[in-house]
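Number 229 in my numbering belongs to position 229 of the sequence shown; there are no gaps in the numbering.
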Amino acid sequence: MSLSSEEITRYSRNILLNGVGKKGQEKLKSSVVSIVGLGGLGSPSALYLSAAGVGEIRIIDSDVVDLTNLQRQILYSTNSQNSSKARSAKLKLSELNDKIKITEVNTRITKSNIHEVLQGSHLVLEGSDNFETKFLVNDYCVLNSIPLLIAGILRFEGQVMGILPKRTACYRCTFLEMPEADSIPNCAEAGVLGSVAGIVGSIQATEALKYIIFGESELFGKILNCDFLSMELRKIERKRNKKCTVCGDTPKYIDLEHHEELDFNCKI
Ligand SMILES: [Zn+2]
Numbered sequence: 001m002s003l004s005s006e007e008i009t010r011y012s013r014n015i016l017l018n019g020v021g022k023k024g025q026e027k028l029k030s031s032v033v034s035i036v037g038l039g040g041l042g043s044p045s046a047l048y049l050s051a052a053g054v055g056e057i058r059i060i061d062s063d064v065v066d067l068t069n070l071q072r073q074i075l076y077s078t079n080s081q082n083s084s085k086a087r088s089a090k091l092k093l094s095e096l097n098d099k100i101k102i103t104e105v106n107t108r109i110t111k112s113n114i115h116e117v118l119q120g121s122h123l124v125l126e127g128s129d130n131f132e133t134k135f136l137v138n139d140y141c142v143l144n145s146i147p148l149l150i151a152g153i154l155r156f157e158g159q160v161m162g163i164l165p166k167r168t169a170c171y172r173c174t175f176l177e178m179p180e181a182d183s184i185p186n187c188a189e190a191g192v193l194g195s196v197a198g199i200v201g202s203i204q205a206t207e208a209l210k211y212i213i214f215g216e217s218e219l220f221g222k223i224l225n226c227d228f229l230s231m232e233l234r235k236i237e238r239k240r241n242k243k244c245t246v247c248g249d250t251p252k253y254i255d256l257e258h259h260e261e262l263d264f265n266c267k268i
């Protein structure tokens, strides 16, 4: 997909980078990236991917903006309250870059609609606030060979994991079972510093851009643990679990249709 002269100017700071050039920018233009969850993580990642010229971005969230979101969800402004996040985000992102396609998906991801929503994505960024969605998106992406970057934040900490399906450890390899509801506090209970969401979402966006341009992410098969109080960032390698029910040697689930554990609606 070739670039217009306006696009060459708009993306000149990308194009100047060693190893990127027009070819790298054209790869961005022809890529489709889905972002699950348009909160503290999805806000910065969607903004940076739009600004960088990713050709199609699907933005997925069923929620509406409330006052407590505005401390960290930088896609929205005071006037966005009570509006659909997907709709408000689309307006904001289209304003930032009218040369790309933004597809808004104002629905909860479930086992039955996830294929319709995510099929054809070259990469998925998961930044929802609940484990049901993280496990569902992991399982769908692994079963359909779509690379995935999953992130989470809490208090002053963040975590990003990169998954290259069937080659590196998946989310389920690492966390095995979904935690019991209410066993781990969420941001609404324990708080989160807004800028922490900004950094961690930007890490997801950086790895996404590197993956599209260079075909690699430093975080595939690894978890990056970030403690922003001590400013310690640690990469931990994860090995594939041969007994993983999704990506192991004898997987229990080969498609979502037979996926008993995911018979629920996911909240994003
Ligand atoms: Zn696995």
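We treat Cβ as the ideally placed atom computed from N, Cα and C, and that holds for glycine.
- Query: On the premise that I163 lies in contact with C141, defined as a C-beta separation below 8 Å, what is that separation, rounded to the nearest angstrom?
  - Reply: 7 Å
- Item | Cβ separation of G40 and G194, assumed to be a contact under 8 Å, to the nearest whole Å | 7 Å
- Task: Determine, using beta carbons only, whether K29 and M1 come nearer to each other than 7 Å.
- Result: yes
- Item | Beta-carbon gap between Q159 and N106 smaller than 7 Å | no
- DSSP three-state call for A169: helix, strand or coil? coil
- Neighbourhood of Y253 by C-beta distance below 8 Å, restricted to the same chain and skipping five residues each side: Hits under 8 Å: D139, L143, T245, V246 and H259.
- Task: For ligand 1, enumerate in chain order all residues having a CB closer than 7 Å to any of its heavy atoms.
- Result: Counting every residue whose Cβ lies closer than 7 Å to a heavy atom of ligand 1, we get V142, A169, C170, R172, C173, R240, N241, C244, V246, C247 and G248.
- Message: Taking the beta carbon of I268 as the centre, do at least 16 other beta carbons fall within 10 Å, making it buried, or is it exposed?
- Response: Caution is warranted here: a pLDDT of 36 is assigned to I268, below 50, making its placement in the model unreliable, and no coordinate value can be reported.
- Task: Could you name the residues of the same chain whose beta carbon sits closer than 7 Å to that of N43, not counting the 5 residues immediately before and after it, in chain order?
- Result: It should be noted that the sequence gives Ser, not Asn, for residue 43. Within the same chain, S43 has close Cβ partners Q73, I74, L75 and G201.
- Message: Rounded to whole angstroms, what is the Cα-Cα separation between Q119 and F156?
- Response: 34 Å
- Item | Boundaries (first-last residue) of the alpha helix (DSSP H) holding E132 | F131 to L143
- Cβ-Cβ distance between A89 and L209 below 7 Å: No. Outside cutoff.
- CB of S83 within 7 Å of CB of V65, strictly: yes
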